[in-house]
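K.L.:
Right, I'll just put the structure down here and ask away after.
Protein chains: 2
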Amino acid sequence: MNSLRRVLVSPSFNSPVRFTSTTTDGSPKPKTGILMLNMGGPRNSEEVKQFLTNLFADRDIIRLPVQNKLGPWIANRRTPSIIEKYNEIGGGSPIYDWTSKQGALMCAKLDQLCPESAPHKAYVGFRYAKPTTEEALEQIEEDGVEHVVAFSQYPQYSCTTSGSSMKAIYRYFQQNYPLKTPGPTGDGVTWSVIDRWPTHPLLIKTFAQNIMKELDTFPEHIRSQVVLLFSAHSVPQYVMNRGDPYPAEMGATVQLVMQELGWCNPYRLVWQSKVGPLPWLEPGTENTIKAMVKKGQKNLMLIPIAFVNDHIETLHELDIEYAQDLGKEVGAERIGRCAAPNCDPTFIDCLADLVSTHLKSGETVKPQMLMTCPMCTEESCKDAKMWWSKATGYLEKQQKVASSA
Amino acid sequence: MNSLRRVLVSPSFNSPVRFTSTTTDGSPKPKTGILMLNMGGPRNSEEVKQFLTNLFADRDIIRLPVQNKLGPWIANRRTPSIIEKYNEIGGGSPIYDWTSKQGALMCAKLDQLCPESAPHKAYVGFRYAKPTTEEALEQIEEDGVEHVVAFSQYPQYSCTTSGSSMKAIYRYFQQNYPLKTPGPTGDGVTWSVIDRWPTHPLLIKTFAQNIMKELDTFPEHIRSQVVLLFSAHSVPQYVMNRGDPYPAEMGATVQLVMQELGWCNPYRLVWQSKVGPLPWLEPGTENTIKAMVKKGQKNLMLIPIAFVNDHIETLHELDIEYAQDLGKEVGAERIGRCAAPNCDPTFIDCLADLVSTHLKSGETVKPQMLMTCPMCTEESCKDAKMWWSKATGYLEKQQKVASSA
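Line by line, the protein sequences give chains A and B. One point on numbering: in the working numbering, the residue at position 350 of the first sequence is 350, and numbering is uninterrupted. Positions in the second sequence are counted from 1; adding 1000 to them yields the working numbering.
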């Protein structure tokens, strides 16, 4: 559990934060836990292999034949080249540091905004890296939290990302407490979910401000011609074809950011990080850069619209592989990169507003999260969603409405 | 030009409207023309063949080998079955009536909102039916309009729809005035463009209100479980892969409508009207209905999110083929259908607000419309966009900025 304690005491964290929510230093016991869910990343070279092994074992994000054999084999084979990439960006992923800082800053705000649910404590729950979702859940139990908010740190929902984290929580409870579901009729600990927030005004404002800042670094006479490339992590076409909401929600974020900017520049939504031979969402970021420069659009800006923290896909793929190496190769004048939200004060306000509005409204879960994709045939998706509809008290409410008819 | 006159004097139109903008009845000469662009539809059986012939000739929407031979052949072969469908919905498409009514109501509001650009006159310019875009442009010339707003009636932009209309305008001028471009440095008639409005608050409100009204027709105890299926016209996957903005903008409209509704029900964006053997956007509306009902979701609502008027795709495909016939076949309890905006007062306010805000801001064109899709290799797209950048005065402005650097 040591890794979890570090959530609130990040060594590189300089801003003053009130650690009202830790339990070991004499501060009050947390009443409300905010479980910040994300895929995570290896903090150092030693963690790369385990991270990749976990990633390639997750059938929600990658499907392989004989996955339990082929997954570890691929992970093993890729480890050296991925370690090399992490070495080029300082040795590890900063996602843990950023998430823990965001959580601490958010909780400090929440304690002021929502005294009725205070003290609040943030728990980092990563899908493929330490601290894992399971470790976070153990710590939440140990702390005796009364209410838990499962808070996806992906603004746009995909079954391959947020959905995978929601399933990890379901599986933890299934394995450890197969006979009881948390929630109002269960063990007394109540659960609620913030599963998506692609249109939150402060998320939009954060990106718009960061784009304006980056635009200002281009010479004035070409500023209005810079093409804004909103680059999101791609996903396989088959995921989309079964009805995954991810591309639609990404489109929403992009449109609203452009609206906030007064549609000042040309732009496109493009997709990065495709792997393997199957068709994924197109057009790809790399091919788009090549095509745009060939057409004479030599000033571009890359905007990482799908993640709220810097990670290898921004610091290495966007900054080194595309902005630097590819830009030089194809003869771009300049490829800028918009900052990720990280600990931008507007973004911290966004996180705090999302959770405080959620807590005050008494919302437990949006019906959208409880419905499987139209073409989904995965039993585990159906089971996970049924579990969540019980854990959040949604099913019970529905049954009451039905029986009163 | 008789067809154009009918734009403002629709026989089935009962609301009182001030026809301030016609020129033949003694009312003042229009100062500002609002060219309402859409694909159109045949008003009666006689127009079906020509409509289909025009549609299958447009390489922006359909690509066929030896298109000038195969297009008319397909159009001819399809005519009888399409006539039959139109007969089932009253003999023809109501899109002309709706668009002309919307235009008249909008202009009445504009004359009040924007006295400085009054009188305003709406012109209907259809891509495949009468009155055609070319006929509308002739009438605009004849009327001696000073400023023209090219106003796409598709809220979400696709090169296959709005883009095709913009290209038709470019082609009309190229063919008739190959040596001059309209605009500030041309013939004195100025042009501006409203090319997309997927996030306009009053568009969102119109859909949200209509959804609420339709939800109210479901029994209370199942109301919150009705699955909202936002059904948009599909497009071929290759169109998306070259970077067409359509699916992203559709996603934006859907998210904002759900936000306005407080995320009250589960929902999905699905795609209708696929033709031919190539892959198109998925999941399809028909297959989604089948899958949802099979999973036990027996109450559904279809929401035509991509068009602002009723037409064959709502009145026949959604209402008859899916809600009625398919619903019965698969054992749905009830498949409702949300009303199209048509002449809903909130929607008329939306149209008037879009144009008045546009006129008052002095906006001419959004840079987005002037950029070709990243993977587009079509010379005609490049040429059309260059023409628009001249016609709207955008190019001249850019050149001034560049030369002052």
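The C-beta atom is built at its ideal place from N, Cα and C for all residues, glycine as well.
Run through DSSP, which three-state label would residue 123 of chain A get?
P.N.:
Residue 123 of chain A sits at position 123 when you count from the first residue of the first sequence. In this structure, residue 123 of chain A counts as strand in the three-state DSSP scheme.
K.L.:
How many angstroms separate the CA atom of residue 1232 of chain B from the CA atom of residue 199 of chain A?
P.N.:
Residue numbering aside, residue 1232 of chain B sits at position 232 when the second sequence is read from its first letter. Residue numbering aside, residue 199 of chain A sits at position 199 when the first sequence is read from its first letter. Taking the straight line from one Cα to the other gives about 21 Å.
K.L.:
Listing by chain order, which chain B residues have their CB less than 9 Å from the CB of residue 150 of chain A?
P.N.:
Working through the first sequence from its first residue, we reach residue 150 of chain A at position 150. The contacting residues do not exist; residue 150 of chain A stays about 16 Å from chain B at best.
K.L.:
Whole-angstrom Cβ separation of residue 1035 of chain B and residue 1125 of chain B, contact assumed at under 8 Å?
P.N.:
Sequence index remark: in the second sequence, residue 1035 of chain B carries index 35 (1-based). Sequence index remark: in the second sequence, residue 1125 of chain B carries index 125 (1-based). 5 Å between Cβ atoms; contact.
K.L.:
From the DSSP output, which residues share a beta bridge with residue 254 of chain A?
P.N.:
Here residue 254 of chain A refers to the residue found at position 254 when the first sequence is read from its first residue. Beta-bridge pairing links residue 254 of chain A to no other residue.
K.L.:
Would you tell me roughly how many angstroms separate the C-alpha atoms of residue 1368 of chain B and residue 266 of chain A, rounded to the nearest one?
P.N.:
Reading the second sequence from its first residue, position 368 is the one you call residue 1368 of chain B. Reading the first sequence from its first residue, position 266 is the one you call residue 266 of chain A. Their backbone Cα atoms lie some 4 Å apart in a straight line.
K.L.:
For residue 381 of chain A, I'd like the list of residues in its chain whose CB is within less than 8 Å of its CB, leaving aside the five on either flank, ordered along the chain.
P.N.:
Walking along the first sequence from the start, residue 381 of chain A turns up at place 381. Closer than 8 Å at Cβ, skipping near neighbours: 159, 163, 167, 372, 373.
K.L.:
Kindly identify the DSSP beta-bridge partner or partners of residue 270 of chain A.
P.N.:
For the purposes of this step, residue 270 of chain A is identified with residue 270 of the first sequence, where counting begins at 1. Paired residues: A:231.
K.L.:
Can you give me the C-alpha to C-alpha distance between residue 224 of chain A and residue 264 of chain A, rounded to a whole angstrom?
P.N.:
Working through the first sequence from its first residue, we reach residue 224 of chain A at position 224. Working through the first sequence from its first residue, we reach residue 264 of chain A at position 264. Going from the Cα of residue 224 of chain A to the Cα of residue 264 of chain A covers about 7 Å.
K.L.:
Verify whether the separation of the beta carbon atoms of residue 1032 of chain B and residue 1120 of chain B is less than 7 Å.
P.N.:
Within the second sequence, numbered from 1, the residue matching residue 1032 of chain B stands at position 32. Within the second sequence, numbered from 1, the residue matching residue 1120 of chain B stands at position 120. For residue 1032 of chain B and residue 1120 of chain B, yes; Cβs fall inside 7 Å.
K.L.:
Assuming contact is defined by CB atoms lying nearer than 7 Å, are residue 103 of chain A and residue 42 of chain A in contact in what I supplied?
P.N.:
Start at 1 with the first residue of the first sequence, and residue 103 of chain A comes out as number 103. Start at 1 with the first residue of the first sequence, and residue 42 of chain A comes out as number 42. Against a cut-off of 7 Å, the Cβ pair of residue 42 of chain A and residue 103 of chain A comes out as no contact.
K.L.:
Using a C-beta cutoff of 7 Å, does residue 390 of chain A count as contacting chain B?
P.N.:
Numbered from its first residue, the first sequence carries residue 390 of chain A at position 390. It does not; no Cβ of chain B falls within 7 Å.
K.L.:
Please report how far the alpha carbon of residue 1148 of chain B lies from the alpha carbon of residue 1190 of chain B, in whole angstroms.
P.N.:
To locate residue 1148 of chain B, count along the second sequence from 1; it is residue 148. To locate residue 1190 of chain B, count along the second sequence from 1; it is residue 190. So the alpha carbons of these two residues sit roughly 6 Å apart.
K.L.:
So residue 1074 of chain B is in the alpha helix (DSSP H); what residue range does that whole segment cover?
P.N.:
Along the second sequence, read from residue 1 onward, the residue named residue 1074 of chain B stands at position 74. Note, residue 1074 of chain B: alpha helix (DSSP H), 1067-1088.
K.L.:
My guess is that residue 1156 of chain B and residue 1196 of chain B are in contact by the Cβ rule of under 8 Å, so how many angstroms apart are they, rounded?
P.N.:
Numbered from its first residue, the second sequence carries residue 1156 of chain B at position 156. Numbered from its first residue, the second sequence carries residue 1196 of chain B at position 196. Contact holds; Cβ gap of about 6 Å.
K.L.:
Using three-state DSSP, classify residue 1053 of chain B as helix, strand or coil.
P.N.:
To locate residue 1053 of chain B, count along the second sequence from 1; it is residue 53. DSSP places residue 1053 of chain B in helix when its eight states are reduced to three.
K.L.:
Contact criterion: CB-CB distance below 7 Å. Does residue 241 of chain A meet it with respect to chain B?
P.N.:
Counting from one through the first sequence, the residue named residue 241 of chain A turns up at place 241. Chain B contact via Cβ: present.
K.L.:
Can you list, in chain order, the residues of its chain whose CB lies under 8 Å from that of residue 58 of chain A, leaving out five sequence neighbours each side?
P.N.:
The count along the first sequence starts at 1 and reaches residue 58 of chain A at position 58. Excluding positions up to five away in sequence, the list reads 127, 128, 164.
K.L.:
Please state if the CB of residue 405 of chain A and the CB of residue 1255 of chain B are separated by a distance shorter than 7 Å.
P.N.:
One-based indexing of the second sequence puts residue 1255 of chain B at position 255. One-based indexing of the first sequence puts residue 405 of chain A at position 405. Cβ atoms of residue 1255 of chain B and residue 405 of chain A: not closer than 7 Å.
K.L.:
Skipping 5 residues on each side, what residues in its chain have a beta carbon closer than 6 Å to that of residue 336 of chain A?
P.N.:
Within the first sequence, the letter at position 336 stands for residue 336 of chain A. Correct list, in chain order: 214, 301.
K.L.:
Going by C-alpha distance, which of A:40, A:332, A:28, A:47 is nearest residue 136 of chain A?
P.N.:
Taking the first sequence and counting its residues from 1, one reaches residue 136 of chain A at position 136. When only C-alpha atoms are compared, the closest one is A:40.
K.L.:
If residue 230 of chain A sits next to residue 270 of chain A, beta carbons under 8 Å apart, how far is it from one beta carbon to the other, in whole angstroms?
P.N.:
In the first sequence, residue 230 of chain A corresponds to position 230, counting from 1. In the first sequence, residue 270 of chain A corresponds to position 270, counting from 1. Residue 230 of chain A to residue 270 of chain A, Cβ: 7 Å. Contact.
K.L.:
With 8 Å as the limit, tell me which residues of the stretch 250-272 of chain A have their beta carbon closer than that to any beta carbon of chain B; keep them in chain order.
P.N.:
Within the stretch 250-272 of chain A, the residues whose Cβ lies closer than 8 Å to some Cβ of chain B are 250, 251, 252, 254, 255, 256, 258, 259, 263, 264, 265, 266, 267, 268, 269, 270, listed in chain order.
K.L.:
In its own chain, which residues sit with a C-beta less than 6 Å from the C-beta of residue 236 of chain A, not counting the 5 before and 5 after it?
P.N.:
Position 236 of the first sequence, counting from 1, holds the residue named residue 236 of chain A. Contacts found: 278, 280.
K.L.:
For residue 1405 of chain B, name the three-state secondary structure that DSSP assigns.
P.N.:
Walking along the second sequence from the start, residue 1405 of chain B turns up at place 405. In the structure shown, residue 1405 of chain B sits in coil (DSSP, three-state: anything other than H, G, I, E or B).
K.L.:
With three or more C-beta pairs closer than 8 Å as the rule, is the stretch 321-337 of chain A touching the stretch 349-363 of chain A?
P.N.:
No, because fewer than three Cβ pairs between the stretch 349-363 of chain A and the stretch 321-337 of chain A fall closer than 8 Å, the two stretches do not touch.
K.L.:
For residue 366 of chain A, would you say it is in contact with chain B, using Cβ-to-Cβ distances shorter than 7 Å as the test?
P.N.:
Here residue 366 of chain A corresponds to residue number 366 of the first sequence, with the count starting at 1. With 7 Å as the cut-off, residue 366 of chain A counts as an interface residue toward chain B.
K.L.:
Decide if residue 1268 of chain B is buried, meaning its Cβ has at least 16 other Cβ atoms within 10 Å, or exposed.
P.N.:
Residue numbering aside, residue 1268 of chain B sits at position 268 when the second sequence is read from its first letter. With 16 or more Cβ atoms within 10 Å of its Cβ, residue 1268 of chain B is classed as buried.
K.L.:
Using a Cβ-Cβ distance cut-off of 7 Å, determine whether residue 283 of chain A contacts chain B.
P.N.:
By one-based count along the first sequence, residue 283 of chain A stands at place 283. By this cut-off, residue 283 of chain A is an interface position.
K.L.:
Using CA atoms only, rank isn't needed, just tell me which of B:1341, B:1290, B:1044 is closest to residue 1324 of chain B.
P.N.:
To locate residue 1324 of chain B, count along the second sequence from 1; it is residue 324. Among B:1341, B:1290, B:1044, the Cα nearest to that of residue 1324 of chain B is on B:1290.
K.L.:
Which partner residues does residue 1150 of chain B have in the DSSP bridge list?
P.N.:
Here the question's residue 1150 of chain B lines up with position 150 in the second sequence. In DSSP, residue 1150 of chain B forms a bridge with B:1035, B:1193.
K.L.:
Going by other Cβ atoms of all chains shown within 10 Å of its Cβ, with 16 needed for buried, is residue 973 of chain B buried or exposed?
P.N.:
Examination of residue 973 of chain B is not possible in this model, given that chain B is present from 1001 through 1405 alone.
K.L.:
Are the beta-carbon atoms of residue 227 of chain A and residue 139 of chain A separated by less than 7 Å?
P.N.:
Working through the first sequence from its first residue, we reach residue 227 of chain A at position 227. Working through the first sequence from its first residue, we reach residue 139 of chain A at position 139. No, the Cβ-Cβ distance between residue 227 of chain A and residue 139 of chain A is not below 7 Å.
K.L.:
From the DSSP output, in three-state form, read off residue 43 of chain A for me.
P.N.:
As a working note, residue 43 of chain A is residue 43 in the first sequence. Residue 43 of chain A: coil per DSSP, three-state reduction.
K.L.:
Does any residue of chain A bring its CB to less than 7 Å from the CB of residue 1288 of chain B?
P.N.:
By 1-based counting over the second sequence, the position of residue 1288 of chain B is 288. It does; some Cβ of chain A falls within 7 Å.
K.L.:
Per DSSP, which one or two residues make a beta bridge with residue 1236 of chain B?
P.N.:
Within the second sequence, residue 1236 of chain B is the residue found at index 236, counting from 1. Its beta-bridge partners are B:1280.
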